[in-house]
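Each residue of the sequence shown is one higher than the one before, starting from 12 at the first, in the numbering used here. Positions of the beta carbon are idealized from the N, C-alpha and C atoms, including for glycine.
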Amino acid sequence: MNQNLFAILRDCFPADRARPAIVQPDGAEISYGELEAAAGRYANVLRRLGCEPGDRVAVQVDKSVEAVFLYLGCAQAGCVYLPLNVAYTADEVAYFLGDAAPTLFVCRPEAEASLKPVADKAGVANLMTLDAEGEGTLAEAARAASPDGEIHEAGEDDLAAILYTSGTTGRSKGAMLTHGNLSSNAITLRDLWGFREGDALLHALPIFHVHGLFVALNTSLANGSTIFFLPKFDADEVLRLMPKATVMMGVPTFYVRLLQHPGFTREAAAGMRLFISGSAPLLEETFREFEERTGMRILERYGMTEVGMATSNPYEEAPGRERRAGTVGFPLPGVEVRIADEDGKLLGRDEIGVLEMRGPNVFKGYWKMPEKTAEEFRDDGFFVSGDLAKIDADGYVHIVGRAKDLVISGGFNVYPKEIELVVDDIPGVGESAVIGLPHPDFGEAVTAVCTRAPGEEVDEAAVVTVCKQKLANFKVPKRVFFVEQLPRNTMGKVQKAELRKAYEETFKQS
Ligand code: MLC
Ligand code: AMP
12 MNQNLFAILR DCFPADRARP AIVQPDGAEI SYGELEAAAG RYANVLRRLG CEPGDRVAVQ
72 VDKSVEAVFL YLGCAQAGCV YLPLNVAYTA DEVAYFLGDA APTLFVCRPE AEASLKPVAD
132 KAGVANLMTL DAEGEGTLAE AARAASPDGE IHEAGEDDLA AILYTSGTTG RSKGAMLTHG
192 NLSSNAITLR DLWGFREGDA LLHALPIFHV HGLFVALNTS LANGSTIFFL PKFDADEVLR
252 LMPKATVMMG VPTFYVRLLQ HPGFTREAAA GMRLFISGSA PLLEETFREF EERTGMRILE
312 RYGMTEVGMA TSNPYEEAPG RERRAGTVGF PLPGVEVRIA DEDGKLLGRD EIGVLEMRGP
372 NVFKGYWKMP EKTAEEFRDD GFFVSGDLAK IDADGYVHIV GRAKDLVISG GFNVYPKEIE
432 LVVDDIPGVG ESAVIGLPHP DFGEAVTAVC TRAPGEEVDE AAVVTVCKQK LANFKVPKRV
492 FFVEQLPRNT MGKVQKAELR KAYEETFKQS
């Protein structure tokens, strides 16, 4: 059987292809038949451009239904989809294109002039455009293409996507995800979360990361559900569409913002059967306030780029198996998780160590980084997540911290090392330490603490200005503090915990 992700999803589409697959904010509908035909057109355009199975297709575009067609067309043609956050700057994109060597790069029309030299330098053969309205040279070519064509015969282990994830060294790694990784996760989540006839997903996440692209889209498509597709999260828009939907997936910031909205009432949520949260820790107070307001418990799950989804609180609640605040639930069916110390020694109940995982969801390795890949896998195939966790007596997994130096802001990962390298380079800065501080909206806010080089007068505004030029906006420090000296331990290592403590009140609400 063809293990191509598109073939597997297509087998799950409703027999009645007139049913709506995607509904746009203005109510315009794309039926499952149209979705299938559009994926075929995009697959044919890719083939015509010389994209062979296994070739990378890098995509940095705004969220649009055409971007979904392109994603599905890519799978159909056996190409490797490589989505990039639209916030990434030309410097950042240059690295991804150079590393992944795509055959095609699709960008926003307004970015074409600045990215053309970047693409040329990386040796990318084709540059095409797609805008937020779904127009551009790629869309034009797709309209002229035939919808018919083969679905490339793929094995489970063949690559379907590469998603870059920053590293603690400051250098991004391309996580290679296979057709089998993506399809197995989609089917498992569809079944676990009780997807059913009549379900409609409220989709307000970006589609360049695991959460919005794979968890939200693939799971819904694997159920033949309707997707209400919003360009971004906007509480008013989400509330306008909520009566038509049954399921929502979001990062904790979505739920914090909904709870701040006076229109988010029990009645507003009455037609919904499930709210799912992930990508960052959901505060217990958000979980409780949500339950008080709506009578429903948010279902928190845990995952990461390299493994897709790995654990989930239960959908069907039963005594002793309810959705518990502050936990990420149980391993998904078919996924094994365990807690080990740094040397790989297994730890017992309630002991805190690093979470390790194994299963059909676990990625194939980092693109062109065999050594890095080997470092992060145990000999028996378990992937070492870098998240600190424990498993309690009832079997619930708790994420209690991170062994990796990572900040998660509004669901986006920021590796301090990457920001420190940029800040340290700014004339006048001596050295810097980047930390995450508690933030009421984003969960954590990126903050830089710096020293000045002797006799220099560099200030916060100067640091922010340079960061804005070089880094995606969500990575730019929300505050920059200057100190005489960074606190260090006897080994000379900067004591970030001490800095976090010293500045912990910075973003607290009054
Ligand atoms: C935007 N900004 C952010 C930010 N998003 N800053 C820090 N953290 C963020 N996440 C910047 C903006 O550029 C702007 O800066 C300023 O902050 C205020 O912007 P805003 O209007 O409030 O932001 P908004 O557009 O509303 O976006 C916030 C958000 C968005 C939370 C809705 O960031 C979002 O959709 N996040 C979801 C991330 C996600 O999908 N993660 C999944 C990763 S997958 P300025 O300077 O321009 O004013 C994964 C695996 C798993 O982790 O388990 O799921
Ligand atoms: P990413 O690399 O962008 O896929 O982010 C994955 C990281 O997000 C994980 O390694 C965790 O640190 C974090 N994460 C995802 N879901 C949760 C959750 N429910 N609770 C706590 N952390 C989470």
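- Set against 8 Å, the gap from the CB of Pro292 to the closest heavy atom of the ligand AMP is smaller.
- In this structure, the C-beta of His272 stays at least 8 Å away from each heavy atom of the ligand AMP.
- In this structure Ile419 is not in contact with Tyr313, their Cβ atoms being roughly 12 Å apart against a cut-off of 8 Å.
- In this structure, the alpha-carbon of Gly340 lies about 40 Å from that of Leu115.
- At the C-beta level, Ala291 and Thr264 come within 9 Å of one another.
- The Cβ atoms of Leu46 and Phe24 sit closer than 9 Å to each other.
- Relative to the ligand MLC, Ser420 has its C-beta within less than 8 Å of a heavy atom.
- In the DSSP assignment, Thr458 falls within the beta strand (DSSP E) that extends over 454-463.
- In the DSSP assignment, Asp131 falls within the unbroken alpha helix (DSSP H) covering 123-132.
- Look at Lys481: its beta carbon is at least 8 Å from all of the heavy atoms in the ligand MLC.
- Gly439 places its beta carbon 9 Å or farther from that of Ala472.
- Taking C-beta atoms as the reference points, Ile162 and Arg369 fail to come closer than 9 Å.
- Ala150 has its CB no nearer than 8 Å to any heavy atom of the ligand MLC.
- Secondary structure note for Thr276: it is in no beta strand (DSSP E), with a DSSP letter that is neither H nor E.
- Contact check for Gly261 and Leu188: beta-carbon distance about 22 Å, past the 8 Å limit, so the pair fails to qualify.
- No residue range can be given for His222, since it is assigned to no beta strand (DSSP E) and is classified by DSSP as neither H nor E.
- The nearest non-hydrogen atom of the ligand MLC is less than 8 Å from the C-beta of Tyr313.
- Beyond the five residues adjoining it in sequence on each side, Trp378 comes within less than 6 Å, by CB distance, of Ile173, Gly185, Met187 in the same chain, given in chain order.
- Distances from the CB of Asn424 to the heavy atoms of the ligand AMP include at least one below 8 Å.
- Note that the C-beta distance between Leu93 and Pro120 is not below 9 Å.
- Annotation: the continuous alpha helix (DSSP H) that includes Asn55 extends over 43-59.
- Scanning the region 260-342 from its first residue to its last, the whole alpha helix (DSSP H) runs of 4-plus residues come out as 263-271, 295-305.
- Boundaries of the alpha helix (DSSP H) around Pro381: 381-386.
- Val457 sits away from Leu497, with the two beta carbons spaced by 9 Å or more.
- Not one heavy atom of the ligand AMP falls within 8 Å of the beta-carbon of Gly185.
- Assigned with DSSP and collapsed to three states, Glu495 falls in coil, not helix or strand.
- The region 205-219 makes contact with the region 228-247: 3 or more CB pairs, one atom from each, lie closer than 8 Å.
- Taken in chain order, the whole alpha helix (DSSP H) runs of length 4 or more contained in the region 381-456 are 381-386, 427-435.
- Val348 has its CB no nearer than 8 Å to any heavy atom of the ligand AMP.
- In this structure, the beta-carbon distance from Glu317 to Thr338 does not fall below 9 Å.
- With respect to the C-alpha of Ser194, the residue from Ser443, Asp361, Ile446, Leu83 having the closest C-alpha is Leu83.
- In the structure shown, Arg251 falls within a helical segment according to DSSP collapsed to helix, strand and coil.
- Pairing Gly397 with Ala414 gives a Cβ-Cβ distance under 9 Å.
- The DSSP-derived three-state label of Lys184 is strand.
- Residue state for Tyr92 is assigned as strand, using DSSP reduced to three classes.
- Under the Cβ criterion (8 Å, minimum of three pairs), the region 60-74 does not count as touching the region 33-46.
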